[in-house]
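Peer 1: Protein chains in written order, with our numbering: chain D, 94 to 358; chain G, 317 to 792. In this text, a Cβ means the ideal position worked out from N, Cα and C, and glycines have one as well. All of these numbers come straight from a predicted model, not from anything done at the bench.
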Amino acid sequence: MTKDSPRVGLFVTCLVDLIRPSVGFAAVKLLEDAGCRVEVPQAQTCCGQPAYNSGDRADAAAIAMQVIEAFEGLDYLVAPSGSCAGMIKKHYPALFDDGSAWRGRAEALAEKSYELVSFLSDVMKVERTEASYLGTVTYHDACSGLRELGIHEQPRRLLATLEGLTLSELPDADVCCGFGGTFCVKYPEISNKMVETKAGRIEATGADLLLAGDLGCLLNMAGKLKRLNSTVAVRHVAEVLAGMTDEPAIGDGPAIGDGREDRSP
Amino acid sequence: MKSSAHSFRDNASHALGDAQLQKAMGHVRSGFIDKRRKAVDRMPEFEALRDQARDIKIHTLDNLDFYLERYEQKVIEAGGQVHWAPDAADARRIILDICRHAGARTVTKGKSMISEEVALNEHLEAAAIDVVETDLGEYIIQLRGEPPSHIIAPAVHVTKEQVRDDFLKHHAHLPPDRVLDEAPALVSEAREVLRQRYLEADVGITGANFLIAETGASVIVTNEGNGDLTQCLPKVHIVIASLEKVVPTLEDATAILRVLARSATGQEFSTYTTFSTGPKRADDPDGPEAYHVVLLDNGRSNMLGSEFHEVLRCIRCGACMNHCPVYHAVGGHAYGWVYPGPIGAVLTPSLIGVEAAASLPNASTFCGRCEAVCPMRIPLPRMMRHWREREFARHLTPPVQRWGIKIWAFAARRPALYRLMTGPALRVMAWLGRRAGRFRSLPLAAGWTDHRDFPVPQGASFQALWRRQKQRSAGS
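1. Suppose contacts are defined by Cβ-Cβ distances below 8 Å. Is F348 (chain G) in contact with N539 (chain G) by that definition?
2. Since E707 (chain G) meets chain D, which of its residues come closer than 8 Å, beta carbon to beta carbon?
3. If you follow the beta strand (DSSP E) that A305 (chain D) is part of, which residue opens it and which one closes it?
4. D110 (chain D) versus chain G: which residues are under 7 Å apart at the beta carbon?
5. Mind listing which residues of the region 662-690 of chain G have their C-beta closer than 8 Å to chain D's C-betas, in chain order?
6. Which word fits I723 (chain G), buried or exposed, when buried means at least 16 other C-beta atoms lie within 10 angstroms of its C-beta?
7. Which residue comes first and which comes last in the alpha helix (DSSP H) that contains Y169 (chain D)?
8. For E256 (chain D), which three-state DSSP category applies?
9. Determine which residues share a DSSP beta bridge with G102 (chain D) and list them.
10. Given that D152 (chain D) touches chain G, what residues does it touch there, using C-beta distances under 9 Å?
11. For the region 262-283 of chain D, list every residue whose C-beta sits within 9 Å of some C-beta in chain G, in sequence order.
12. G791 (chain G) lies in the alpha helix (DSSP H); which residues open and close that run?
13. According to DSSP, is K318 (chain G) part of a helix, a strand, or is it coil?
14. V344 (chain G) and V472 (chain G) look like a contact to me (Cβ under 8 Å); what is the Cβ gap, rounded to whole Å?
15. Could you check how far apart the C-beta atoms of V356 (chain G) and R578 (chain G) are, in whole angstroms? I think they sit under 8 Å.
16. Quick one: complete beta strand (DSSP E) runs, 3+ long, within the region 506-531 of chain G?
17. What residue range is occupied by the uninterrupted beta strand (DSSP E) comprising I556 (chain G)?
18. Closest Cβ-Cβ distance between R356 (chain D) and chain G: below 8 Å?
19. With burial defined as no fewer than 16 other Cβ atoms inside 10 Å of the residue's Cβ, what is the status of P173 (chain D): buried or exposed?
20. Quick test of the definition: if touching needs 3 or more C-beta pairs under 8 Å, does the region 778-789 of chain G touch the region 114-121 of chain D?
21. May I have the straight-line CA-CA distance separating A746 (chain G) from P731 (chain G), to the nearest angstrom?
22. Can you tell me whether DSSP reads V662 (chain G) as helix, strand or coil?
23. Please report whether the beta-carbon of Q788 (chain G) lies at a distance below 8 Å from any beta-carbon of chain D.
24. Can you tell me the Cα-Cα spacing of H486 (chain G) and E508 (chain G), whole angstroms?
25. To the nearest angstrom, how far is it from the Cα of Q512 (chain G) to the Cα of N678 (chain G)?
26. Quick check: is the beta carbon of L332 (chain G) nearer than 8 Å to any beta carbon in chain D?
27. Residue range of the beta strand (DSSP E) that S329 (chain G) falls in?
28. Can you say whether F382 (chain G) is buried or exposed, counting buried as having 16 or more other CB atoms within 10 angstroms of its CB?
29. Assuming E332 (chain D) is part of the alpha helix (DSSP H), what are its boundary residues?
30. When DSSP labels each residue in this structure, what does E584 (chain G) get in the three-state scheme?
31. Output yes if chain D places a C-beta closer than 8 Å to the C-beta of P771 (chain G); else output no.
32. Just checking: is the beta-carbon of V646 (chain G) within a distance shorter than 8 Å of some beta-carbon in chain D?
33. Could you give the first and the last residue of the continuous alpha helix (DSSP H) run that contains S431 (chain G)?
34. According to the neighbour-count rule (16 or more other Cβ atoms, all chains shown, within 10 Å of its Cβ), is R320 (chain D) buried or exposed?
35. Beta-carbon within less than 6 Å of H322 (chain G)'s beta-carbon, same chain only, minus the 5 sequence neighbours each way: which residues are those?
36. Checking the sheet assignment: what are the DSSP bridge partners for S592 (chain G)?
Below you can see the structure in the form of structure tokens.
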């Protein structure tokens, strides 16, 4: 890493921050391996999507201003989520009046904001990672990443370079898993039907591991697979690309005897 | 049509438990999507064609008054009459008057969503007029006393076995032991029954896919040819259409037709594309003696220039619902009014009021598949969000949800407070779930844990761990 290395602000995302910090550390490793200097601005919580998609524009704009202030001094904003990156890149500018100062600042940040895997691939021109994975994986294209940011080939290309890894394509990989942020608790029965269909498709691939680039969708699919007693493990794609698969997979307990179960709060 | 859009949640719950419906919906998922995909793959210029079609509609909507007046003038020149209907009641009244004036006892109808919107059949039937739907799907649901569940495949929620039972029940004049197990037998029976009705009809009513300003023609597309018989055989032909169906020229209509059939059914062109311009002329061998057009507004002119302006580009192809996973899960009836799926989630609140349809714009994950396939590139998710914003501003959002968002946002705007609130909760959750790695149930999260496990947080937040790591490396 040199003085000219790009300064990348990691937008951790609220779900990674609270539920699965290991995804954040995997993102840091991937970014550093790609030659970036990673900083984690403290004044970040969430991108504001829960407010934005609930019609609460005022709170969404206030949260956006907080993110803009925290990240605009850096060269890039990178998030391990197509959904949060999509919010910042595609929706922040629309939260502010045309021609206003905040609109300009939002547009400037949008310009340099990326989802992690597409950033590694498209901006840092990463062609391979040093990791390996012995097994068959399948990949779900989370909706925002796929349709707002056009992320499809990048994760597949990088995964293909992992030694030992076989990709078994998921039929209907582009169909929503039913998470949809607050949708899954506003319409639990419909969400359940969607994730049930998705879980059936995942099982049918014969993969031992399901990957995706968005923790919300992963929690939803892992939660359903575990409820159905499926043996398919679930991880964020960054964990596998970074070779950081020591932590139990999403929704799995620790391996017996690794001592984790005795930790006290 | 009476709306039950306000009870979307209950409707959806009922639909999810309906085994017949779930079986029927399986065909939507596979059929429409694959066919569209193949049609699009066969046509490299499809995306450019979408842009061209969208631009035609943009231009038309920007000059709607001009083209509508021009269209009216051309209809009159061709010997027809144009009736402007500000709302549904006006449309019903105008059409009933025409039918009465013609002494009509039987009316045949081509498929028309606008006639569903104004609840025309019930109105005519109440006046002792026999109304016969001639589109096979519409005919089936008319027998069943149901509204359509899809805008181009109205009976998509019905299985073949159900249709057989309906025909056995309603076509009582036919031998009861006939075999109706396969689709061709059903189609042929419907055709035979309907053939007689065409000949009896005094008035034929059709919708319109396009109204052409330069010629005064109306255009319908069908795959059964039923529209032709509906509009040619009776002595009176009534076209019922909403304002935004107008396009400037024949060429514009054909440009849009090229994306319509591909988006709708994956066909390159529908089997029948039928033009009607005025009544029969002196040397025409056949055609109606009188030709009326009822132009319905019903709230559309209020949408011009609003956040919902662009939805008026819709050409009713149905691609948005064909690709919508929520529609696949619950079917069209759950949406409770005429237009289901993503287009309904935007259009229904515009036409019947957001208070009566507040759930619909919320019943989407914003997966964006509808916008991705819409031939007119209508930003449907953005418009659903606009409705959510209006609901939030007018306190129509359920209070629990509203306060949940407000409290969460209060904390999210204060990172230090946010950490103070979330830190201890994470530690407790991680400790409680340390063995299983997931929760089978969680207080206040039944919406999640009724159906799936909740993965246990790893324990500390990323921010806390990151700070610790930085302090350690600074100290070493």
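Peer 2: According to the structure data:
1. Contact: no.
2. Against chain D, the beta carbon of E707 (chain G) has neighbours under 8 Å at G148, listed in chain order.
3. First-last of the beta strand (DSSP E) with A305 (chain D): L302 to A305.
4. Under the 7 Å cutoff, chain G gives S777, F778 and Q779.
5. Within the region 662-690 of chain G, N678, A679, S680, T681, F682, C683, G684, R685, E687 and A688 place their CB atoms closer than 8 Å to a CB of chain D, listed in sequence order.
6. Here I723 (chain G) is exposed: its Cβ has fewer than 16 other Cβ atoms, across all protein chains shown, within 10 Å.
7. For Y169 (chain D), no alpha helix (DSSP H) run applies; the uninterrupted beta strand (DSSP E) run containing it begins and ends at Y169 to A172, by DSSP.
8. It is a strand residue.
9. Beta-bridge pairing links G102 (chain D) to D:E132 and D:L170.
10. Result: I721, K722, W724, A725, F726, A728 and R729.
11. Residues D265, D267, V268, C269, C270, G271, F272, G273, G274, T275, F276, C277, V278, K279, Y280, P281, E282 and I283.
12. Under the DSSP assignment, G791 (chain G) falls in the alpha helix (DSSP H) whose first and last residues are F778 to G791.
13. Coil, per DSSP.
14. Yes, V344 (chain G) and V472 (chain G) are in contact; Cβ-Cβ is about 6 Å, under 8 Å.
15. About 6 Å; that satisfies the 8 Å criterion.
16. With a minimum length of 3 residues, the continuous beta strand (DSSP E) runs that stay inside the region 506-531 of chain G are 519-522 and 526-528.
17. V552 to S558 is the extent of the beta strand (DSSP E) around I556 (chain G).
18. Reliability fails at R356 (chain D), whose pLDDT of 45 lies under 50, so the model's placement of it is uncertain and no value is given.
19. Flag for P173 (chain D) reads buried.
20. Segment contact: the region 778-789 of chain G against the region 114-121 of chain D, three or more CB-CB distances shorter than 8 Å; contact assigned.
21. Their backbone Cα atoms lie some 21 Å apart in a straight line.
22. In the displayed model, V662 (chain G) falls within a helix according to three-state DSSP.
23. The sequence shown places Arg at residue 788 (chain G), rather than the Gln named in the question. With 8 Å as the cut-off, R788 (chain G) does not count as an interface residue toward chain D.
24. Each residue's Cα considered, the two are about 14 Å apart.
25. Those two C-alpha atoms are separated by around 46 Å.
26. For L332 (chain G), the answer is yes, since a Cβ of chain D falls inside 8 Å of its Cβ.
27. DSSP places S329 (chain G) outside any beta strand (DSSP E); the residue lies instead in the alpha helix (DSSP H), whose first and last residues are F324 to L332.
28. With fewer than 16 other Cβ atoms within 10 Å, it is exposed.
29. Segment V330 to L334, the alpha helix (DSSP H) holding E332 (chain D).
30. E584 (chain G): coil per DSSP, three-state reduction.
31. Yes, P771 (chain G) lies at the interface with chain D (some Cβ there is under 8 Å from its Cβ).
32. Yes, because at least one Cβ of chain D sits closer than 8 Å to the Cβ of V646 (chain G).
33. Residues M429 to E433.
34. The residue in question, R320 (chain D), is buried, as its Cβ has 16 or more Cβ neighbours within 10 Å.
35. Taking H322 (chain G) as the centre and dropping the five residues before and after it, the same chain places the C-beta of A672 closer than 6 Å to its C-beta, in chain order.
36. Under DSSP, S592 (chain G) forms a beta bridge with G:S534.
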